[in-house]
Each structure stands twice: as structure tokens, then as C-alpha cells.
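Novice: Dumping the structure here so I can ask a few things about it.
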Amino acid sequence: MSSDAESFEFPVQKTDSEWRAVLSREQFRIVRQKGTEAPHSGEYDKTFRTGTYNCVACDAPLYKSATKFKSGCGWPAFFDGIPGAIKRNEDTTFGIMRTEIVCANCGGHLGHVFKGEGFDTPTDERHCVNSVSLKLREEKADGKK
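Heads up: the sequence shown runs through residues 261 to 405, numbered per my numbering.
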């Protein structure tokens, strides 16, 4: 994972008009304009089905369901992304220092990552992700997607 997503050139590049054509109004607000969905409102907050969570904008795989955990924060929580799938960026909005996470393929805003909150995870991180930024590709019982 990178430490400076803003200077990174993302493989998938589209204009705002092109993004608006493929994303819903809410998806565009969150993924392209760095919005946040209301807590406990997202489709994947309490979902624990087996599969891969992909970027809603470009369909790049971001998180494996095995890294998802119950945090009680109101948004889907993961302790790690698929290697190379997530870029990190300093975020000082609201006068506080946070780490924004974005899709490494298209730069779509996912949410923020927090460290040291005491969750019993291998990375001691909580990737707090907007459900609307994700698309679950479920794995069937035979292991196929």
C-alpha cells in the first residue's frame, strides 16, 4: 500500500461526466466526491457472505470477505485489503489527521483506516469503508464466483 495516493496516476481515468454515466448519484457523491454514507445505512454493514468486495466504480477486487469483521461502527470494517488494491492518503479535513483509503485502480474514495483501536485483528487496523463504494462478488458453495 502506498502512502501518497494524491500523486499517484490511477490506471482507470474518467471525466466526471463519464463517472456520472456509470455511477448512481449517491455512488458519485461518495466515491468521486469523498462523501460518507450515514452509519448503519449501508448494504454491507452487517453482511458476512463469502466472496470478494470489489470497487463499485471500476470492479477492481479490494477486500476478501475473510478480512471483514464486526466493529459496531456502522460501516463495513476490514482489517486489511488485497495486496496492492488500496492506496492511502493523508486527510486533514475537519481539522483532524486521518488516513483516507482509495481504490488503487481508479482512485475512488472508500473511507478511512484507523489504527490502534483495540480490535483483535492481525493488523490492528480498521478499514472503515462506505458500503456504497463496494460491490460484493459472492463465492458459491463450490468455490466459484
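Where a beta carbon is used, it is the ideal one built from N, C-alpha and C, also for glycine.
1) Taking the alpha carbon of asparagine 365 as the point to measure from, which residue in Asp384, Gly355 and Cys315 has its own alpha carbon closest?
2) Please state if the CB of histidine 372 and the CB of phenylalanine 338 are separated by a distance shorter than 7 Å.
3) Under 8 Å, with one C-beta from each stretch per pair, do the region 304-313 and the region 271-279 reach the 3-pair mark?
4) If we ignore side chains and look at the alpha-carbon of each, how far apart do phenylalanine 354 and lysine 324 end up?
5) Please identify the residue among Ser331, Phe270 and Val392 whose C-alpha is closest to the C-alpha of leucine 370.
6) Between the beta-carbon of phenylalanine 270 and the beta-carbon of glycine 344, is there less than 7 Å?
7) Per the DSSP calculation, threonine 359 is bridged to which residue(s)?
8) Taking the beta strand (DSSP E) that valine 408 belongs to, which residues open and close that run?
9) Return the CA-CA distance between leucine 322 and glycine 341, expressed in angstroms with no decimal places.
10) Rounded to a whole number of angstroms, what is the C-alpha to C-alpha distance between proline 336 and glutamate 360?
11) Considering only C-alpha positions, which residue in the set Gly295, Lys294 and Gly378 is nearest to glycine 332?
Specialist: On the basis of the coordinates in this document:
1) Cys315
2) no
3) no
4) 31 Å
5) Val392
6) no
7) Glu350 and Val373
8) In this structure the chain extends from 261 to 405, so residue 408 is not present and cannot be described.
9) 6 Å
10) Straight across, the Cα-Cα distance linking proline 336 with glutamate 360 is about 15 Å.
11) Here the closest residue by C-alpha is Gly378.
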